[in-house]
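Position in the sequence shown (from 1) plus 3 gives the number in the numbering used here.
Glycine included, C-beta positions come from ideal geometry on N, C-alpha and C.
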Amino acid sequence: MQERNTLGHVIKFVKESTGLAITFAYLILIISSMAYLGIFYGRFNVDILKLVSLEDILVTPIRRPDIIVAIVAITIAVSINDALARYNARLSQGYVGKKKPWYIRFYERVFFFFPATAQGHYRLTVASFFGFLCFYIAFFAYAEAEDVLEGNGYEVFLTLSEKADSRSVILLGTTSLYVIVYDSQSGQVRVHQMESVASITPAENS
4 MQERNTLGHV IKFVKESTGL AITFAYLILI ISSMAYLGIF YGRFNVDILK LVSLEDILVT
64 PIRRPDIIVA IVAITIAVSI NDALARYNAR LSQGYVGKKK PWYIRFYERV FFFFPATAQG
124 HYRLTVASFF GFLCFYIAFF AYAEAEDVLE GNGYEVFLTL SEKADSRSVI LLGTTSLYVI
184 VYDSQSGQVR VHQMESVASI TPAENS
């Protein structure tokens with residue numbers, strides 16, 4: 004069943020083309036992180052792409068390590084699915100033209116969605132990986148935004164250079180050029196240029 008070992012082929016590709024594999028993996032991390040931020044800020048009608056620089060985009064995976072954890076977890080889940088599919092194929096090939104025991108028939112009914120061909124198996128593996136990744140991004144980005152809209156979030160005291168007083172706001176995020184905050188009392192999002200901000204201090208309840 005080596006031809007169905009998707010994870011084995013991936014490891015072989017990484018060993019043979021390490022530079023290309025690292026580039027591809029980093030590209031997935033960047034796209035995933037930016038998609039997460041796009042959905043999150045989109046809930047506040049903020050086009051984050053207009054507020055980020057190339058430097059911000061390149062370091063996005065580092066600033067959002069939860070995406071890395073999610074991809075690792077999804078990879079493990081897909082690898083388990085990969086192993087189960089190979090096991091299912093071995094069972095089917097071992098009883099070609101023979102009567103299958105009841106436990107094998109039961110197993111095949113439970114895992115009926117496993118493709119019979121290697122090409123179909125590869126497609127299922129790739130679709131499972133990106134499907135789970137898209138679900139994670141959409142679900143958790145939207146949930147995080149809803150949590151902020153309910154008044155929960157990282158609360159800070161923001162002081163602007165042109166004003167001596169500070170006000171309590173929820174910090175949505177920062178880029179190299181801007182600070183993005185949400186005022187839960189007025190329900191408004193404010194984008195301040197970095198040079199106009201004198202200080203940002205955490206609130207006691209954050």
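What are the residues that DSSP puts in a beta bridge with residue i?
{"i": "Gly176", "result": "Ile183"}
{"i": "Leu161", "result": "Arg170 and Ile203"}
{"i": "Val192", "result": "Tyr185"}
Measure the CB-CB distance between residue i and residue j and report whether it falls below 8 Å.
{"i": "Ile71", "j": "Leu40", "result": "no"}
{"i": "Ser35", "j": "Ile203", "result": "no"}
{"i": "Leu54", "j": "Leu180", "result": "yes"}
Could you work out which residue in the options is closest to residue i when comparing CA atoms only?
{"i": "Gly154", "options": "Met197, Tyr139, Ile173 and Pro205", "result": "Ile173"}
{"i": "Val182", "options": "Gln188, Ala201 and Ser189", "result": "Ala201"}
{"i": "Leu163", "options": "Val184, Tyr145 and Ile34", "result": "Val184"}
{"i": "Arg66", "options": "Gln191, Gly176 and Leu180", "result": "Gly176"}
{"i": "Pro68", "options": "Tyr29, Asn84, Ala92 and Arg193", "result": "Tyr29"}
{"i": "Val194", "options": "Leu10, Tyr125, Phe47 and Gln122", "result": "Phe47"}
{"i": "Phe133", "options": "Arg89, Ala86, Val81 and Lys102", "result": "Val81"}
{"i": "Cys137", "options": "Leu152, Met37 and Tyr125", "result": "Met37"}
{"i": "Tyr88", "options": "Gly11, His124 and Ile14", "result": "First, the residue type needs correcting, since residue 88 is Ala and not Tyr in the sequence shown. Closest option to Ala88, Cα to Cα, is His124."}
{"i": "Ile74", "options": "Val129, Val151, Gly156 and Gly11", "result": "Val129"}
{"i": "Val192", "options": "Ser20, Thr63 and Ile51", "result": "Ile51"}
Taking the C-alpha atoms as reference points, what is the distance between residue i and residue j?
{"i": "Arg170", "j": "Thr26", "result": "43 Å"}
{"i": "Asp186", "j": "Ile79", "result": "40 Å"}
{"i": "Ser199", "j": "Thr178", "result": "14 Å"}
{"i": "Arg108", "j": "Glu147", "result": "43 Å"}
{"i": "Ala144", "j": "Ala76", "result": "17 Å"}
{"i": "Ile211", "j": "Tyr44", "result": "Outside the modelled stretch of the chain, which goes from 4 to 209, sits residue 211, for which no answer is possible."}
{"i": "Glu158", "j": "Asp168", "result": "16 Å"}
{"i": "Lys18", "j": "Pro104", "result": "41 Å"}
{"i": "Pro205", "j": "Leu161", "result": "9 Å"}
{"i": "Ser56", "j": "Gln96", "result": "54 Å"}
{"i": "Gln196", "j": "Gly190", "result": "20 Å"}
{"i": "Ile83", "j": "Thr9", "result": "11 Å"}
{"i": "Val49", "j": "Glu149", "result": "15 Å"}
{"i": "Lys15", "j": "Glu58", "result": "32 Å"}
{"i": "His12", "j": "Asp85", "result": "12 Å"}
{"i": "Phe142", "j": "Ser131", "result": "16 Å"}
For residue i, is the beta carbon positioned less than 7 Å from some heavy atom of the ligand MG?
{"i": "Ile14", "result": "With respect to the ligand MG, the structure shown offers nothing to examine, as it has no ligands at all."}
(request) Any chance you could list the alpha helix (DSSP H) runs of at least 4 consecutive residues sitting entirely within the region 19-58, in chain order? (result) 21-45
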